[in-house]
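Residue numbers (the numbering used here), protein chains in the order written: chain R, 24 to 347; chain A, 3 to 251; chain X, 213 to 588; chain Z, 428 to 665; chain G, 580 to 865.
Following: one structure in structure tokens, then a few remarks.
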Amino acid sequence: MSIAAVVAYTIALALIPQFAGNYETRIAISVAMFSALALSWNFIGGFTGYPSFSTAAFFGLGCYIGALSQRAGLPAEAAWMIATVGVAAFAAALGAIILRLKGHYFAIGSIAIVEVTRLIISSWGSVTGGGDGLNVPLMTGTPDVVAARILYIMLAVMGGAFVATVIVDRSRLGFGLRCIHQNEDAADMVGVDTTRFKIAAFVLSALFCGLVGAVYASWVGYIDPTDSFSILLTVKVPVMALLGGAGTLAGPIVGAGVFVLLEEFFWANFLQWNRAILGIIIVFLIFFLPGGLLKIRYKNLLKKLSANRSADRSNTVSEGEAKG
Amino acid sequence: MTAILELKNVSKNFGGVSAVSNVSFGLKQGEIVGLIGPNGAGKTTLVNLVTGVHSLSDGQVIFKGEDVGSQKPFQAARRGLARTFQIVQPFPEMTVLENVSAGAVFGGAAGGIAAGQEAAQAELDFVGLGHVANEPASSLSLPNRKRLELAKSLAMKPSVLLLDEVNAGLNASEIDDALKLIEQISGRGVTILIIEHLMKVVLSVSERLLVLHHGELIADGTPKQVVEDQRVIEAYLGAKFAERYKVAG
Amino acid sequence: DEDGVLKIGAPLALTGGLADEGKKQEAVWQLWLDKVTANGGIEVDGKKMPVELVYYDYQTDGKRAGQLAEKLITDDGVDVLMAPFGSGHTKIVAAVAERYQTPLVACVASSVSVYDQGFKYLFGTLAPNTGMTESMVAYFKEKMPGLSKVAVYGRDDVFPKAMATALAASAGNAGLDVVYNELYAVGTMDHSAAVSAIKSASPDWIYMTGYTQDLILGRKQMSDLGIDAPIITMVTGPAYAEFTEGLGELADGVTSSTWWHHATSYTDTIGAWSSTADFYKDFVAKFGGDPDYVHGSCAAAADVLVNAVQTAGSTDKTAVRDALAATEVLTFYGPIDFGDNGMNQGREMPIIQVQGEAIKVLYPAAIADAEMTMIK
Amino acid sequence: MAKPILEIDGLQAGYGDVQVLWDIGLSVNEGEIACVVGSNGAGKTTLLRTISGLIEPKAGSIVFDGEEIAGARPDEVLTRGIAHVPEGRRLFKGLTVEDNLLLGAYLRRDKSAVRDDMDFVLDLFPILKERRLQDATTMSGGEQQMCAIGRGIMSRPRLLVIDELSLGLAPRLVERLSEALIEINGTGLTILLVEQDVMTAFDVASRAFVIETGRVSMSGETSVLGEDPRVREAYMGI
Amino acid sequence: MDVFQILLNGIVLGALYACIAIGFSLVWGVLNVINMLHGSFIILGGYLTYFAWHYTGIYPIILLPFVALALFALGYVLQHLFINKVVTAPVLTTLTLTFGLDMILYNLMTVFFTATPRRVTLDLGTLSFGDVYLPIDRLLGMALALVLTALLYLVMRGSRIGRAIVAVRMDRQAAALMGIRVNQVYSITFGIGALMAGAAGAIFAMVFPVTTNLTGVFLGKAFVVCVIGGLGSVPGALVGGLALGLIESVAGYTIGPQNAITVGFLLMLFLLVVRPTGLIGVKGYE
Ligand SMILES: Nc1ncnc2c1ncn2[C@@H]1O[C@H](COP(=O)(O)OP(=O)(O)OP(=O)(O)O)[C@@H](O)[C@H]1O
Ligand SMILES: Nc1ncnc2c1ncn2[C@@H]1O[C@H](COP(=O)(O)OP(=O)(O)OP(=O)(O)O)[C@@H](O)[C@H]1O
Ligand SMILES: [Mg+2]
Ligand SMILES: [Mg+2]
């Protein structure tokens with residue numbers, strides 16, 4: 024069911040250049056791009072339950088590897104492939120180290136990765152241009168053609184990430200990742216090779232980000248460390264996945280679409296307050312849609328609105344149960 | 003006949019604390035062996051050493067003739083060394099069936115996920131949880147969670163099963179059912195090491211008893227020998243128990 | 213536009229890190245627009261053409277700046293664009309403008325790296341950094357004959373880095389000894405280590421670039437750690453009022469160079485204001501404080517755009533571009549003459565110094581209103 | 428006729444949508460040791476949690492010493508004089524035995540009396556005196572249970588409620604603890620005990636309540652109940 | 580001597596870093612919440628101090644306790660109204676929540692205070708010992724930071740609320756059974772976290788220019804310090820702060836300021852992997 028819906032949605036997005044202008048196409052590109060990022064994040068954050076904030080590191084590295092390859096004279100397509108492979112390899116190596124961390128520690132480690140990669144890229148000026156950023160060869164063709172092309176590519180990446188999600192969900196890998204999410208020690212004990220599974224999830228979560236980053240670099244024509252390794256991006260992407268429903272198949276796509284459109288709307292209409300409004304949406308989301316849009320249970324929603332009186336107690340007991 | 007699982011001079015230190023020191027024993031194929039000892043004697047630690055949760059400070063663990071001293075827990079599981087946790091470790095938001103399937107899919111022989119579910123359902127019926135197969139694991143009461151642990155490890159088709167206090171919290175009548183279960187498992191040819199403070203359980207099913215005290219093995223013999231051992235009474239059983247036991251004969 | 217309106221678009225950083233700069237752009241453009249509208253629009257081909265200004269906040273987020281530039285071109289149908297603050301974001305917007313063949317005037321981007329991409333639709337009102345650094349080195353050598361050692365310390369960000377690099381090169385070429393030459397990473401909170409290192413190199417001249425908050429702290433730490441270099445230059449520090457406010461007495465004696473200062477006096481100029489004094493009067497009347505180079509350059513950018521439309525006789529993008537390329541005019545901000553790469557060339561840029569509470573112009577001699585003093 | 432200190436009537440409680448206690452009615456007399464037995468999942472722990480305020484009841488009343496305490500917060504219940512020793516001991520990791528005991532007296536302001544009670548507890552459990560400065564959670568299970576009980580006593584309660592006294596403890600320790608409980612009770616403290624090992628529970632307590640699926644199904648003197656064939660079959664395996 | 584100057588710079592800076600990190604560490608260690616608001620709290624403290632000083636001329640040190648109390652109130656209320664409701668949820672939830680709250684606070688600050696850097700221009704001068712200089716405002720800042728750290732340490736060790744905080748950190752249910760009102764303790768802890776941030780902000784306003792642009796930088800420092808020193812531990816934050824100050828100072832001098840921050844982050848990553856408990860793990864009452 025949700026697979027059919029995603030296919031229909033993808034086709035609808037793909038038709039936008041035919042019916043609407045470049046501005047709408049650009050939004051569609053953003054939607055596809057963030058959907059792909061959120062789907063990627065879902066492998067590690069949704070399935071595996073590891074609070075990863077490394078998205079921007081993978082995205083940024085993808086930008087830079089893609090840009091540098093193109094500047095070295097490779098055609099764009101080859102540059103994108105190199106970026107994908109490079110970022111995946113980076114994630115595999117990194118995963119072996121930081122996936123030993125759990126919970127908050129992992130969260131911190133993954134944020135630190137973003138900072139460290141940013142700092143290294145910016146201080147390695149001789150290769151990366153440092154704070155000056157890099158110009159990426161512009162794609163040839165009229166703006167309409169370029170925009171449509173970028174849209175199709177981003178949609179293809181999103182489609183690829185979704186297909187990967189479906190496959191993983193139905194395979195041993197997905198089952199194992201869910202086990203790890205629930206209880207890692209127990210997963211280990213029933214024979215899940217947790218290290219390998221987690222690295223696989225981490226690599227999956229990096230691979231599409233790297234690709235998206237490289238395509239993005241070709242699209243915008245100029246990248247710099249601050250924009251490529253943005254902390255905001257690294258938090259936004261998980262929020263999108265949560266908004267739609269982390270761990271579900273189509274949730275990240277729903278979340279990314281809704282988020283991008285909301286952002287667009289508030290930003291166009293509440294100039295000065297758009298950040299605060301986004302903050303309010305996040306707060307609202309945490310309280311009223313903890314399972315995401317795809318898991319709304321309206322009965323509970325009403326209850327939530329009226330409850331919370333006995334927070335003192337419910338907290339303490341649920342904690343007690345968690346400890347067995 | 004050689005032992006299926008053998009520990010040779012196994013030791014474990016945590017920082018300065020020596021939790022297990024120089025323990026050696028073997029389990030013969032098909033045997034049920036009880037492991038008792040005061041709280042903190044090192045029983046759980048021993049299980050953790052055998053299943054690769056902790057690394058050995060010293061000594062060897064030999065399973066089916068192979069030195070497995072440096073294995074990871076998942077490797078132990080795939081080799082056929084299954085265990086239950088003293089502090090139960092379910093996958094709380096999965097159904098009971100999914101919990102057990104995980105054992106079948108990853109630790110057992112089951113090929114795909116569907117085959118795993120089938121095997122899991124069979125084990126659930128076996129331990130008496132068939133009727134709650136589709137409930138979330140978090141809704142089970144503690145003893146049922148322990149049974150779930152048991153089903154999960156059975157689904158892994160183990161050749162050696164290490165049971166760490168699976169019966170704690172059961173009352174005397176419930177224990178009787180549990181005993182039958184253990185005997186049936188043993189009937190499948192599974193070698194069992196059972197840790198329990200409930201003497202009723204240990205004494206009824208064990209063919210042999212090991213006693214751990216301050217990390218050292220202080221007795222290894224038939225239940226009768228062990229229960230009458232003065233050191234065991236002093237360290238573990240207490241005078242009153244010894245008296246009751248004598249009276250009961 | 214076909215409908216006879218000149219539509220100018222601009223993505224602006226009205227919130228986020230560069231909000232203060234973005235708001236300056238917004239303010240001065242509003243001033244400019246009011247002036248133009250009061251005249252009934254601009255005169256093109258003998259007819260009055262109204263001018264419309266469309267801008268959006270891009271939240272100091274580069275991605276958004278590009279997205280907005282595209283929205284402005286395709287959705288709002290603007291005829292020409294003006295770029296936001298800073299070389300980095302200008303680059304992003306320039307790529308979009310180039311793709312849509314829409315003329316873009318960059319008013320606050322001076323790094324050559326912005327202009328060396330062969331873009332045809334990009335023009336900048338600021339002059340190349342090197343011009344600024346070379347004249348500064350020459351001027352200081354003249355004022356302080358013993359000047360031999362210079363320390364350069366800059367933020368690793370497009371513009372500050374470009375300035376630091378240019379100065380180090382200019383100083384080296386002029387035979388000065390560059391005794392310290394380092395960049396600091398974005399996100400550096402404290403400058404003790406660098407300032408101590410600079411101190412042990414005992415330079416005669418310290419040249420630091422960065423955001424205002426960096427410069428305030430840097431200046432303060434130089435004093436705290438006992439540095440006694442006679443010349444301290446901070447770019448663009450003193451050009452902004454916040455710098456002097458944030459530093460108080462410590463600002464005294466700090467030099468800087470800037471692309472424009474209101475003490476310059478150009479007369480008989482094209483555009484909305486007929487002289488620098490005219491602009492200054494209007495600005496002070498509306499905002500109270502003094503304008504800085506951002507204000508000047510941005511207003512002048514609007515002027516040259518209008519001038520190009522008038523020369524072209526229409527808002528046709530290609531025609532306007534060609535007219536811009538051929539521009540050679542005098543505005544209240546000074547002469548504007550776009551070179552081959554689109555940058556404004558051949559200007560003499562002022563060197564300024566904080567003296568007491570005020571900003572004084574030291575150079576060029578024609579507009580100087582004070583003698584340089586050394587920091588004790 | 429002994430005076431009841433705790434009277435529970437028509438109590439219903441549970442977790443979220445799951446109701447566990449359906450209709451609990453029981454009373455504990457001042458100065459006695461009473462016990463609650465029942466099979467797994469019958470709701471014993473839930474009952475204790477409801478008494479101590481960790482769970483809010485859905486219906487029913489809990490009267491302690493003449494005052495209604497149903498729905499009160501844990502700190503309010505403790506202030507009134509009920510201390511709860513939870514299942515699994517739950518000692519504070521990283522704190523010494525002494526600090527753990529002092530936390531039991533968290534709500535008390537009478538410093539010198541707290542000192543006296545500390546001495547009392549350390550005399551009652553001499554092993555704790557030896558381990559006063561050891562991290563409490565590094566002790567053996569039985570020692571930890573003693574510490575948990577001691578911590579309960581430190582609040583100077585009038586009613587001490589203990590969940591699963593013997594769970595996971597070596598037989599010898601269970602024996603020692605039973606003796607200790609009787610000794611504490613001798614100082615006038617009322618005790619309500621939950622225990623799976625019915626044999627041990629009946630040795631210690633004078634009266635018992637049997638809970639089945641959230642209801643009290645039988646109650647009475649342990650000497651009488653201990654002979655009841657239904658109890659013997661269902662709970663003592665005889 | 581250069582060496583002394585570098586070490587001294589590092590120590591003074593380190594004490595200020597510690598001050599940034601303590602509140603953050605406490606909230607993380609006790610509530611298990613990564614408080615993304617922390618950077619904004621510090622800046623808010625800085626702005627409040629600046630404006631109060633600017634308009635009344637009252638000496639910032641006198642303002643410090645008031646600013647700190649104002650932040651305590653803000654923190655208490657935020658925890659009480661929002662964070663307490665999800666405090667047992669997974670990391671991702673609480674982190675995202677505080678991130679959302681931070682976006683709101685940040686937006687409010689940029690609208691009301693703008694991003695213009697502000698500084699309390701007291702300029703107290705500098706002490707010099709031969710070639711080694713010690714700025715008086717920094718010395719004062721360090722002293723205040725150390726006093727605050729010591730006070731908090733004493734509170735944690737000696738006071739009732741300190742004991743309650745520690746108990747809750749270990750086991751909330753058991754703490755509730757000791758009569759501790761868990762949610763209230765949470766709110767107080769979060770309030771103390773904000774209070775320390777406010778105090779740090781007040782100190783910073785005297786030493787550094789305050790601007791909203793710096794919230795992320797402060798937050799980043801807090802992260803690094805906490806991980807280096809050990810979560811939830813007051814002495815840990817002090818050790819972590821000093822370590823980071825020294826590292827940045829030495830690295831900035833020897834390998835250049837461009838890489839100094841990278842070194843700090845790398846050290847943090849390294850420690851995370853080899854010793855997640857930090858240099859000083861939490862033990863008992865700290
Ligand atoms: N990870 C660890 N770190 C430090 N010490 C440990 C660790 N695990 C166990 N210990 C210590 O090792 C000793 C043995 O503990 P273990 O859990 O094996 O005892 P046990 O015999 O299973 O006791 P029980 O019957 O109470 O379950 C104890 O003193 C315990 O505190
Ligand atoms: N936190 C919880 N959330 C939901 N259900 C729970 C929770 N805790 C217990 N239950 C359920 O409530 C019922 C009663 O549990 P309770 O722990 O009160 O039983 P008990 O009599 O103490 O049993 P035991 O002998 O196992 O300790 C069980 O069915 C259990 O599954
Ligand atoms: Mg054990
Ligand atoms: Mg119970």
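Ideal Cβ positions, reconstructed from N, Cα and C, are used throughout, including at glycine.
Can you look up residue i in the DSSP assignment and give me helix, strand or coil?
i         : result
Asn136(A) : coil
Tyr321(R) : Caution is warranted here: a pLDDT of 49 is assigned to Tyr321(R), below 50, making its placement in the model unreliable, and the coordinate value is therefore given only provisionally. In the structure shown, Tyr321(R) sits in a helix (DSSP, three-state: H, G or I).
Glu151(A) : helix
Ile50(R)  : helix
Arg298(R) : helix
Could you pull the start and end residues of the beta strand (DSSP E) that residue i belongs to?
i         : result
Asn393(X) : 389-396
Leu560(Z) : Leu560(Z) -> no beta strand (DSSP E), and no H or E assigned at all.
Thr700(G) : Careful: Thr700(G) lies outside any beta strand (DSSP E) and carries neither H nor E.
Val708(G) : Note that residue 708(G) corresponds to Phe in the displayed sequence, not to Val. Per DSSP, Phe708(G) belongs to the beta strand (DSSP E) from 705-708.
Over what stretch of residues does the alpha helix (DSSP H) that includes residue i continue unbroken?
i         : result
Met348(X) : 341-355
Pro203(X) : A query on residue 203(X) cannot be resolved here, the shown segment of chain X reaching from 213 to 588 and no further.
Met181(R) : 166-193
Gln584(G) : 581-610
With a threshold of 7 angstroms on Cβ separation, who are the neighbours of residue i within its own chain once the five nearest residues in sequence on each side are excluded?
i         : result
Leu725(G) : Ala594
Lys14(A)  : Ala21, Val22, Thr47, Leu51, His56, Leu58, Ser59
Thr386(R) : An answer regarding residue 386(R) cannot be provided, because it is not within the stretch 24 to 347 covered by chain R.
Trp242(R) : Ile173
Asn527(Z) : Leu518, Phe519, Ala563, Cys574, Arg578
Is there at least one Cβ from chain R nearer than 7 angstroms to residue i's Cβ?
i         : result
Glu282(X) : yes
Between residue i and the rest of its own chain, which residues show a CB-CB distance below 8 angstroms, the 5 nearest in sequence each way excluded?
i        : result
Val12(A) : Val22, Asn24, Val25, Ser26, Leu48, Leu51, Leu58, Asp60, Gly61, Gln62, Val63
Leu29(A) : Ala5, Ile6, Leu7, Glu8, Val35, Val162, Thr193, Leu195
So with Cβ pairs under 7 angstroms, would you call residue i a contact of chain G?
i         : result
Asp402(X) : yes
Leu226(X) : no
Arg298(R) : yes
Could you check if residue i is buried or exposed, using at least 16 other CB atoms within 10 Å of its CB as the buried criterion?
i         : result
Gly720(G) : buried
Thr165(R) : exposed
Gln91(A)  : buried
Ile34(R)  : exposed
Is any beta-carbon of chain Z found at less than 7 angstroms from that of residue i?
i         : result
Asp750(G) : yes
Gly737(G) : no
Does chain A have any CB closer than 7 angstroms to the CB of residue i?
i         : result
Val215(R) : yes
Glu639(Z) : no
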